[in-house]
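Here the structure comes first, spelled out in structure tokens, and everything after it is commentary.
Chains as they are written, first to last, in my numbering: chain A, 1054 to 1171; chain B, 6 to 122.
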């Protein structure tokens, strides 16, 4: 079974600064997807960024980028120029590539609460 | 983007009653939907996979007679919490799977907060 671990229950950052959230995972599969989701106080899950395991290039979405280290099974999220609106709970998630009736289910990490100080 | 709607967003019920939560994909067909449960400041835990026209697949430890899932159409899945008790109080979130040209996409509902008195 796949597991996802976020070892930072809480993180804080000053507005305009950079913060990195850590995530490690365990899987025996070679093809899979990794995601970072943001959950603001509204509780709506928002996709921040995704990474295909077969791609060596790290994904980037505006101020958000990842450091994907497949061999180390590490997938960290870097938020640059942090904004007050970035404050939320962030979840790292894993999804297998293979099909089946449960294709698409996500395994989530424990989450990291990010506080942004003005 | 695709929209998934959950209803109700908040529900309060008395212990022993049953509560139904709906998850609708508004602008696409979803043969598969997922139901998650989330306690405050904790992770999302998958409860079951809902497949249109067939029985749901429950995760280990989830009581299928307690959490009834029905996926009767390509746009609607329902989760019924039967004989609810205070320990069932939680945040329930659904996710609908869409198969697009870029592969599998997942869209989340807004979630439903259940409080059992």
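Heads up, the beta-carbon is just placed ideally off N, CA and C, and yes, glycines get one too.
query                                                                                                                      : result
Through-space distance from residue 118/B to residue 23/B, alpha-carbon basis                                              : 14 Å
Contact set between the region 44-57 of chain B and chain A, restricted to residues whose Cβ is under 9 Å from the partner : 46, 47, 48, 49, 50, 51, 54 and 56
Delimiting residues of the beta strand (DSSP E) encompassing residue 1107/A                                                : First-last for residue 1107/A: undefined, no H or E at that position.
Residue 93/B (DSSP reduced to helix, strand or coil)                                                                       : helix
Inter-stretch contact at 8 Å, needing at least 3 Cβ pairs: the region 94-113 of chain B / the region 60-68 of chain B      : no
Within-7 Å CB hit, residue 1158/A to chain B                                                                               : yes
Residue burial classification, residue 1165/A (beta-carbon count within 10 angstroms, cutoff 16)                           : buried
Under 8 Å by beta carbon: chain B residues contacting residue 1128/A                                                       : Ordered by position in chain B, no residue passes the 8 Å Cβ test against residue 1128/A, which lies about 16 Å from the chain.
Boundaries (first-last residue) of the beta strand (DSSP E) holding residue 1076/A                                         : Here residue 1076/A belongs to no beta strand (DSSP E), and DSSP marks it neither H nor E.
Residues sharing a beta bridge with residue 1147/A, DSSP                                                                   : 1087/A and 1160/A
Buried or exposed (CB count within 10 angstroms, at least 16 for buried), residue 56/B                                     : buried
Chain-ordered neighbours of residue 109/B on chain A, where CB pairs are closer than 7 Å                                   : 1156 and 1157
Proximal chain A residues relative to residue 102/B, where beta-carbon distance stays under 7 Å                            : 1157
Residue range of the unbroken beta strand (DSSP E) whose run includes residue 38/B                                         : 37-43
Distance between residue 1089/A and residue 1082/A (C-alpha atoms, nearest Å)                                              : 19 Å
Inter-residue Cα distance where the pair is residue 1073/A and residue 1066/A                                              : 9 Å
Nearest-angstrom beta carbon gap, residue 1161/A and residue 84/B [assumed within contact, 8 Å]                            : Actually they do not touch by this definition, with Cβ atoms about 18 Å apart.
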